[in-house]
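Protein chains: 4
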Amino acid sequence: MVKVVVLGMGMAASHFIVGLERLKNGEIEPYGVPLAGKLPLDISEIEVVGVYDVDVNKVGKSVYDVAKEQIGSEVPIPETLKKLKVMEGVHLRNLDRLGIEATGLEYKKSLSSALDHLVEQWGRMEPDVFINVITTEYATPIGDLKYLEDIIANNRVEEISAGQFYAYAAAIYASKYKPVTFVNLIPTPLANDDAFVKLYTMYDSVLLGDDGATGATPFTADTLEHLKERNRFVEFVVQFNIGGNLDFYALTDPDKNLMKETTKSSIVRDILGYEAPHYIKPTGYLEPLGDKKFVSIHLEYKTFNGLKDSIYVNMRINDSPALAGYMVDLARLGRLVLDEGFKGTIYEINAFYMKKPGPKGSPSISRIVAYQKMINWLETNNILVKTYLD
Amino acid sequence: MVKVVVLGMGMAASHFIVGLERLKNGEIEPYGVPLAGKLPLDISEIEVVGVYDVDVNKVGKSVYDVAKEQIGSEVPIPETLKKLKVMEGVHLRNLDRLGIEATGLEYKKSLSSALDHLVEQWGRMEPDVFINVITTEYATPIGDLKYLEDIIANNRVEEISAGQFYAYAAAIYASKYKPVTFVNLIPTPLANDDAFVKLYTMYDSVLLGDDGATGATPFTADTLEHLKERNRFVEFVVQFNIGGNLDFYALTDPDKNLMKETTKSSIVRDILGYEAPHYIKPTGYLEPLGDKKFVSIHLEYKTFNGLKDSIYVNMRINDSPALAGYMVDLARLGRLVLDEGFKGTIYEINAFYMKKPGPKGSPSISRIVAYQKMINWLETNNILVKTYLD
Amino acid sequence: MVKVVVLGMGMAASHFIVGLERLKNGEIEPYGVPLAGKLPLDISEIEVVGVYDVDVNKVGKSVYDVAKEQIGSEVPIPETLKKLKVMEGVHLRNLDRLGIEATGLEYKKSLSSALDHLVEQWGRMEPDVFINVITTEYATPIGDLKYLEDIIANNRVEEISAGQFYAYAAAIYASKYKPVTFVNLIPTPLANDDAFVKLYTMYDSVLLGDDGATGATPFTADTLEHLKERNRFVEFVVQFNIGGNLDFYALTDPDKNLMKETTKSSIVRDILGYEAPHYIKPTGYLEPLGDKKFVSIHLEYKTFNGLKDSIYVNMRINDSPALAGYMVDLARLGRLVLDEGFKGTIYEINAFYMKKPGPKGSPSISRIVAYQKMINWLETNNILVKTYLD
Amino acid sequence: MVKVVVLGMGMAASHFIVGLERLKNGEIEPYGVPLAGKLPLDISEIEVVGVYDVDVNKVGKSVYDVAKEQIGSEVPIPETLKKLKVMEGVHLRNLDRLGIEATGLEYKKSLSSALDHLVEQWGRMEPDVFINVITTEYATPIGDLKYLEDIIANNRVEEISAGQFYAYAAAIYASKYKPVTFVNLIPTPLANDDAFVKLYTMYDSVLLGDDGATGATPFTADTLEHLKERNRFVEFVVQFNIGGNLDFYALTDPDKNLMKETTKSSIVRDILGYEAPHYIKPTGYLEPLGDKKFVSIHLEYKTFNGLKDSIYVNMRINDSPALAGYMVDLARLGRLVLDEGFKGTIYEINAFYMKKPGPKGSPSISRIVAYQKMINWLETNNILVKTYLD
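Residue numbers (my numbering), protein chains in the order written: chain A, 1 to 390; chain B, 391 to 780; chain C, 781 to 1170; chain D, 1171 to 1560.
So this is what it looks like as C-alpha cells:
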C-alpha cells in the first residue's frame, strides 16, 4: 500500500487520479506506465489520500467535478471520485498573471501556521509519498537550510515559492511522523537544491526531481543519443512546442518560460558532449490545442564524407497523461525506496523520469541509457519483480 | 594495418574509398564513423587493396573514374584513386533486370576455375577483410556445407548467388593463406546461414552480417525502444522509403524488394515484444532523389488513461555515406577480432551494425541497447582504446 | 427535391447517407460540403431513394446496420436509416480478389434481364441522380456505343465492368422515364469515354466524372499551382498514401492500383506544363489506419538564383467523409443542371470535383483555379444563390 | 530599360543583384520570378543604378564584396559587381539593438539636408524604381502629410523611420525629376498609410507595398483557401518560423517582431471569413540555419459528418532568394505601370506580392486568387506579353 498526497489539481493530477481509478476498475491497460508490471507493488496498491490546490474554482469541489471540467468527455470519470475533495494549499504567487482567482493558506495565516496546519492534516492522512504537480513557477535555489527556516519563521512570503514551501512542509511532516518521498515534477529546483536534499536526508526521506521528462525533450534526447552513437555531428536542433492547457498558458509568462527552457536545454551538451546550436523552448499557447500539444523538431547533422542529412519530426501528443503515467511509477518507487532504506535523492531514478535530474550538477543522459541504468539499479536493489533487462 | 577487398563498386564503395582517402588527407572529420577514435587501430591503417564489380562500365576503369561518375561534383575525388582499378568478379544474375550490361568470370570459366582465379589474385593482395556491398540480390540460405561444395564443383550457376559465391571464395582463401573477416552488408543470408558460419569457424575466420543497418530502420528501432520503455502501446507503424540510386532501382524488382522487407520488418516484434501492425518497406524509386533518400515514418500509440498520441518523422538522408561510415569501423573491427582470436560470427557486433544480425535466430534489438552491449563487449575484450561507457 | 440512387454501400455511401440525415436533424454543420449554402436547392431537399451493393453481408440489410458496422462508434447513426434497405446490384468482378463473398444480378439473370430489372426498380423510385461509389475496378473505355449494346445483348459479362453497366442502365432508365445525372466518383472512364457522353447527350442527361478528387491529390495540385505561379521549377514530387479501408485494400490489387495511379499522375504535367519526375501512387494498406489515411508528400524546387527549397507535408485525413461531402453537392448540382437543360458532360463541374475530369482529353487544372472557374460558370447559369466570387 | 535604386544591402538585395547579373550572363534560368517571360520588358532591361545601406561594414564597399560575404560560396558572385559601390543612407534607429555599428546621413546633417543630398544623388542616377529592403523596423502610420513635412523640417528624427524617410525622399525626387515607383517590401506601413499614397498620387507616382509575401505565409494562405473552397472548418492554425539571417535576428527584438506578426496574422480572417484561432509568428533565431529558414505549419479542420483532419507541413526554404525573385518582377512592373499612367497604389499587384496589401483596409486574399486577379488586370491593361490565363 502506498498513500499519496497530490499537490496541484491540474490536468496531470486529473489524469493520474482518473486513470488510476480506471485501472483499478479494469477499464484500461496500464499503457504509459513505464514499469507497469515490473515493480513489486501493484498499481492497485496506490491510494490518493489528499489533493491540494489554490484555484477558487477547485478548492472545496470534488476531484470528480474538477476532473470532469478539465478532461471533458474524452475519458469517462469514475463516480467514486466524488468523495475526494480538493483542499486548500498555499498560493505564494503560483497562479499570478494567469487570470485565475486564487486563494491560499498564507492569505489567512502566517507561513508557520500554514505549515502546522498542513502537517497536522497530513498526520491524519498518513501519506508516504507527495507528488508536486502545481503550475510551473519562478523559483531560485534556496541553497542554505538555515536561510529557509528563517524565511518561514519570519513569514517572508516573497522569498519562497509554493513548491519550496510544500517540500519543506513535507520534510517537517516526515520528521514528526514517518519518512516520506517527495516527487517534484515541476522545474522548481528541489532535488537540485542541496539545502533540500540535506533536509530530506536528515529525516530518512527521499526527494526525487526535478521536472518530469515527458513530451518532446526525452524524444529529442534519444534522437541525439542515436546520432552520437554513430558519431554524426549535429549542426543544430530546433524544437518547437505549443499547447492549449494551463501549463502552456503559464509559460507565456517570461519568468516561468525561463524555468522550463533551462531544464530543457541542458540535454544537448550533456548528451552530445559539445554545444550544438539549439532552439529548444516552450514556444506558444493556443487554446484549441487543449492538452494535446503540437511539437515540431528539426535537426541537421554531418554524416560520412562531409555530407549533410536532415530530420523533421512532428508530434501531436497528450501532455498530461504522459506525466500521469510516470506518477503511477513514482508513487510506487517512492514507497519502495523508503522500504529499502534509501534517503536523500536517487540519481538513477531521476535520470530517467526527470528533465533536470538531481542532485545538483548531475548530467542529463539520453533516456534510453538512463532506462538501462535504472533497470540495473532497481534489479541490484531488489526493486524489480524479476529481471527485465534485455 | 588492415588490407581490405571491396566487393561491389557502387555508391557505398565509392563513398567508403573516397571518404577514407579524404580522412587520410585531413580534408574531413570522421563523422558518421561510430567508433571513430575509439578503436586501437587508426583509420589511416586501412588500405583498400582490391575492388570488384561486373558492370561493363566499371570493370577495368579506375576507382577515381567510377567514383567521379557516381558521386558527381558534391564531393572532391582524390587523384590518388586513379591507380586503383576495378577488377572483374562474378555476376550470377546480380544485375539482371536492371538494364545494366554485365560481365562476370562465370561467363568464361567454370565456377571452380573462377574461384581459383579469385583466390590466387587475393593471395597476391593479402587482404584481411572482405566487405560485400554488391547490389541487393535474391538468395535463400544454403544451409548445408556439402551442398554448397557440390554447387561449385558441378558448376550449378543457377543455385548460388554472387554474395554466396564471394563468401565461399573468401573462406577458401582463408584456408590457404590466413584467417579473414567477411563483412556482409546486403540482405543475402550469410551470417544467418549456419553453413557459412560453420565454414568460417573451420578456418579461424569471422563472418559479420547481414544487411547494414543504416537509414530509417535503426531510427525506427530506437523510436520503438523509446516507446517500449514507457510501456506505450504501438497501434501501427508506417515507414516509407524512396530513393534514386541503383539500390532503390534494384528494389523495384519484387524478388529483391522482398529480401529487404524481410530484414526490415523483424524489428517490430523483436523490440516491442508484440506484433504491432506495420508497413515497413522500400517503397519506390525516383531518379532525381539520387543517393539522398526520402523517408516518412508515421506511428500512433496508446498512452496513459486510454488516450492516443501520433508521431510523424520525415528524413532526407544520404544513403551510401551512412553505410560507408560503418565500413570504416567494420574493416578495423574485422582485423581486431581476428587478432583477438575470435571465429564464427559475433552477435555483439552484428546487433549494432546489421538489420538482420547473425547468427540465425538472433533477435533484432534496439540500436541504442545494441550500442551499449557492443561497447561493453569491446571493452571486455580490450578492443577499445579506453572506456567510453557513459 | 432531388431523389438519389447510391451505387455501392461502402464507407463513402455510409458517410453520405448518415451525414445527410444528421444535417437534416441539425446535429452537425455542413462542413466539407463545398457549396453548402450557395446552391438554390437546400441540402434538406436531398432524398436517398435507393442503395445498391453486392457484398452478401450488406445486401438485404438496412443502411443503419451497414453504416453502423462500417463507421463504428465514431459517429452516431440515426435510427431513421433502419427503413432503407441495401438492394442487390451487379457484381461483374468488382470485389474479386478482396476476400469478400459477392452476389450479383448477373449470377441469376442475363445482362439484359438484369438491366430490365434495375430500370423497372428505378421506375418506381423515380431517381434524378445516380451516384457511383462502388469499389475501384479495372476497366478500359468502351469507345463505341454499338459495341456496348452488343456486350449487353450477348451477355458478354467479361467485357463490361459494374460501373459501365450501371452507367448504361441509368441511361436506359433516362430514355424511358426522365433525364438523369450520373455522377461517377471512381476511376472507371465514363465521362472520359465518348460512347457514354454521347449516350447521355442523346437522352438529355448528364454524366459527371471521373474519380472524385478528394484527399491528397487536390492538395498536391494546389501546391503545384502555388509553385507554378511563382515560376519555381519543381524537381520532383513524391506522394505516398496508405489507409485501412476497403478502397486501400482493393488497391493492393495491381490492376486496380493502376487505375488510380493513372488518374492521379496526370496532374503534374497538366498543372506545371512540364513533366516533373513524380511518384504519386496509392502505396499501401494497413488495417488499423481505418478510414483515416496517412499521406506524405515531399517535393523540391528551384527558386531564384539557382537555389533549392524543400517541402514536406504529412496528413492524417478521413477518406470517405471528404467524398461524402462532395456527394452532397453533386446530388444537388446533378438536379440543377438538368433543370437548366444541360446535357452530356460539364467540364466546369468535373474540373473541380474530379481527378480525371471529362470529357476525354480535358486537362487537370489546379483545384483553386477550377473552383474560380466553376463559381463563374454557376453564376453565369444562375445556379448560385447569389454571387460568392471574391 | 528600368533603372533601380535598392535601399538596404542585405541578403535579399545581394540575391537580387547577383541573380540579375547571372540571368544576364545566361548562367541561370529565371526560376522564382513569377512573371519571368510574361512582361513586355525583358529582365535584361533592369539596371541597378544605386545601392544604399548604413552598416559601417558595408558602406563604401563594392556590392561584390558585400554579396560575397553574405552569400558565401553557395553561388558564384559575378566580378562585374565590383564596380557598384554601397552608398550611405539614413539610419534612423533601423539597426539599433542588433549589435551592428551603424552610420547614417542624419548623424552629420539635418533631415532636410540629408533629403537634399539623396535627391541630388538620385537626380544623377535617374532611377525609375526604388525598392525598399532595409531591415524590419518599428514604425506607425504617419497618417497626415503635413505632419510628415513638419517632422522633416524640424529634424524630429525620433518620429520617422528610415523606410518612411526614404519613401518621402523618393517622392520629392519624383516631384523634381520624373515619376517613380516605390516598392516597399518591409512591414513599415507605406502603401497602407493614406498620407504616403496621397503623396505619390500627387506626383504621378506609384507606391507598392507592404511587406513582401514570400515564405510560409503565402503557402498558408493558399492552404486556407483550399480548405475554404471545400467549406472545411479550420479549428486552428500554427505556423512557426526560424532562421539564421539578420532579418530573423532583428525579429528577436519584440517591437520588430510585432510589426511582422501583424502583417502575417491578418490572412486568417481575410481568407476564411472567420477568426480561426492561430499562432502565426516569426518564432526564433538560430544562426546555423542561415538564410534557409525552417517553417512548421500544423492545422486541423472539421470535414463532413463531424470528423476532424490534420495537416502538418515542414519547409526548409531560402528566405532571401524568394524575395529577390519578386524584386525582378516588381522592378519591371514599377516601370510598366508608370508607362501606362497609373498613380497611387495598385491593389491588384499588391495583393499578390505583399503580405499586407495597400491601400489601407484592403483584404488579404489567397495568393492563388490574387494571382488570377493580377493576371486579369495586367492583361486588361496590356501589361502582359500575351494571354497567360488558364
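The beta carbon of each residue, even a glycine, is placed where N, CA and C say it ideally should be. Just so you know, these numbers come straight off a predicted model, no measurement behind them.
| Item | Value |
| --- | --- |
| Residues that residue 201(A) contacts on chain D, provided the C-beta gap is smaller than 8 angstroms | Going along chain D, no residue has its Cβ under 8 angstroms from residue 201(A), so there is no contact; the nearest lies around 41 angstroms. |
| Inter-residue Cα distance where the pair is residue 980(C) and residue 1041(C) | 27 angstroms |
| Whole-angstrom distance between residue 744(B) and residue 763(B), CA atom to CA atom | 14 angstroms |
| Continuous beta strand (DSSP E) stretch holding residue 687(B): start and end | 682 to 692 |
| Residue 609(B) at chain C interface by Cβ criterion, 8 angstroms | no |
| Backbone secondary structure at residue 733(B) - three-state DSSP | coil |
| Classification of residue 1283(D) by the beta-carbon crowding that lies within 10 angstroms, buried from 16 upward | exposed |
| Minimum length 4: unbroken alpha helix (DSSP H) runs contained in the region 805 to 871 of chain C | 843 to 851 |
| Residue interval of the alpha helix (DSSP H) (run including residue 563(B)) | 552 to 566 |
| Cβ distance (whole Å) where residue 132(A) is taken to contact residue 8(A) below 8 angstroms | 7 angstroms |
| Contact set between residue 1083(C) and chain D, taken where Cβ atoms lie within less than 7 angstroms | 1201, 1202, 1488, 1491, 1492 and 1495 |
| Interfacial residues, the region 609 to 642 of chain B to chain C, with Cβ spacing under 8 angstroms | 625, 626, 628, 630 and 632 |
| Chain B contact for residue 1064(C) (CB, 8 angstroms cutoff) | yes |
| Beta-carbon proximity list for residue 320(A), same chain, < 6 angstroms, skipping 5 on both sides | 11, 12, 15 and 291 |
| Neighbour flag for residue 1445(D) against chain A, beta carbons, 8 angstroms | no |
| Inter-residue Cα distance where the pair is residue 1206(D) and residue 1499(D) | 7 angstroms |
| Cβ-Cβ distance between residue 1297(D) and residue 1174(D) below 8 angstroms | yes |
| Proximity below 8 angstroms, CB of residue 1233(D) to CB of residue 1256(D) | yes |
| Residue 536(B), buried or exposed, once every other Cβ within 10 Å from all chains shown has been counted against 16 | exposed |
| Per-residue contacts from residue 310(A) into chain D (C-beta, under 8 angstroms) | 1486 |
| Sub-8 angstroms separation of residue 1082(C) and residue 1128(C) beta-carbons | no |
| Rounded straight-line distance, which links the Cα of residue 459(B) to that of residue 418(B) | 21 angstroms |
| Alpha carbon of residue 381(A) to alpha carbon of residue 1468(D), nearest angstrom | 46 angstroms |
| Opposing strand residues paired with residue 632(B) [DSSP bridges] | 674(B) and 684(B) |
| Min CB distance residue 808(C) to chain D below 8 angstroms | yes |
| Chain D residues whose Cβ lies nearer than 9 angstroms to that of residue 254(A) | In chain order: nothing, as chain D lies at least about 11 angstroms away. |
| Own chain residues within Cβ distance below 6 angstroms of residue 1104(C), not counting five before or after | 792, 795, 796 and 799 |
| Straight-line gap, residue 671(B) to residue 757(B) (C-alpha atoms, nearest Å) | 19 angstroms |
| Cβ pair residue 1300(D), residue 1335(D) closer than 8 angstroms | no |
| Uninterrupted beta strand (DSSP E) stretches inside the region 179 to 249 of chain A (no shorter than 3 residues) | 181 to 184, 206 to 208 and 233 to 243 |
| is_contact[residue 460(B), chain A] using C-beta, thresh 8 angstroms | no |
| Beta carbon proximity, residue 761(B) to chain A, threshold 8 angstroms | yes |
| Residue-chain proximity (residue 387(A), chain B), Cβ-Cβ < 8 angstroms | Its pLDDT being 47, under 50, residue 387(A) is placed unreliably in this model, and the coordinates cannot settle the point. |
| Per-residue burial, residue 1095(C) [other beta carbons within 10 Å of its own, 16 or more giving buried] | buried |
| Contact set between residue 279(A) and chain D, taken where Cβ atoms lie within less than 7 angstroms | 1412, 1454 and 1456 |
| Min CB distance residue 1459(D) to chain A below 8 angstroms | yes |
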